[in-house]
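Residue numbers (the working numbering): 3 to 219.
C-beta atoms are modelled at their ideal positions from N, C-alpha and C, and glycine is treated no differently.
What follows is one structure encoded as structure tokens, with my remarks underneath.
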Ligand code: E4P
């Protein structure tokens, strides 16, 4: 499973990128707002740092507007994936932008039917929002499993990009189901390294090591 980082914070991306943990980045208008940066400036900085796709989201609500904004965002770098919402207008924009050879990430997906439409419109990525479904007491992971089954039934090439990931369990479940990509905040990716038994074991080893009085360096 590929890891995308869901943030517009350049320092956090750089830290994970240095470890080879970053296969791409996703941003959205809220994340750009949180960063306090200019969208084109910060997106360019991220694109220069990361080899994989960097999603930048359009904000127009009509197809022509999304297409125009998508073309403008695509000028930032070759690795831009244009993010459009899963509306009828977004699907139209997806088809046009995909036909132009651009990567398109269709976002705000909350049903398998929506994902089916996005695949038929040629989306590069579909972004089902797990956490926001969980917030409604609906199992977000079930949606990932449904989309996986639908796409596999018909060999769609659209990649399932599990989004709105809130926990390390989301990451594990997305990987078990076979999501192609998971996009998560840096803190969630870093938390995947944590285990209480690792901490406990390390503590015991350190105590025993101190008793030996030895040094390695
Ligand atoms: C995905 O591309 C979105 O940017 C993101 O995953 C949304 O996550 P949230 O529901 O935690 O805001």
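Distance between residue 137 and residue 14 (C-alpha atoms, nearest Å): 26 angstroms
For a test of your reading of the model: does the CB of residue 193 fall under 7 angstroms from any non-hydrogen atom of the ligand NAP? Yes or no. No copy of the ligand NAP occurs in the structure displayed; its ligands are the ligand E4P alone.
Whole-angstrom Cβ separation of residue 105 and residue 187, contact assumed at under 8 angstroms? The Cβ separation is near 22 angstroms, so there is no contact.
Measure how close the beta-carbons of residue 33 and residue 10 come, nearest whole angstrom, since I'm counting them as under 8 angstroms. 5 angstroms
Relative to the alpha-carbon of residue 112, which residue among 100, 141, 64, 208 has its alpha-carbon at the smallest distance? 141
Let me know the secondary structure DSSP gives residue 35 once reduced to three states. helix
Contact belief for residue 125 with residue 100 at Cβ below 8 angstroms, rounded distance in angstroms: Correct: roughly 7 angstroms between the Cβ atoms.
Residue closest to residue 191, alpha-carbon to alpha-carbon, out of 97, 83, 200, 174: When each option's Cα is compared against that of residue 191, the closest is 174.
Under three-state DSSP, which class holds residue 200? helix
In three-state terms, what does DSSP make of residue 185? Three-state result, residue 185: strand.
Just mark residue 85 as buried or exposed, buried being the case when its beta carbon has 16 or more other beta carbons within 10 Å. Buried.
Residue range of the beta strand (DSSP E) that residue 46 falls in? Run containing residue 46: none in the beta strand (DSSP E); it sits in the alpha helix (DSSP H), 41 to 51.
Name the one or two DSSP bridge partners that residue 8 has. Partner(s): 28.
Which first and last residues belong to the alpha helix (DSSP H) in which residue 147 is found? 142 to 156
Does the ligand E4P have even one heavy atom less than 7 angstroms from the beta-carbon of residue 165? yes
Is residue 52 near residue 19, with beta carbons less than 8 angstroms apart? For residue 52 and residue 19, yes; Cβs fall inside 8 angstroms.
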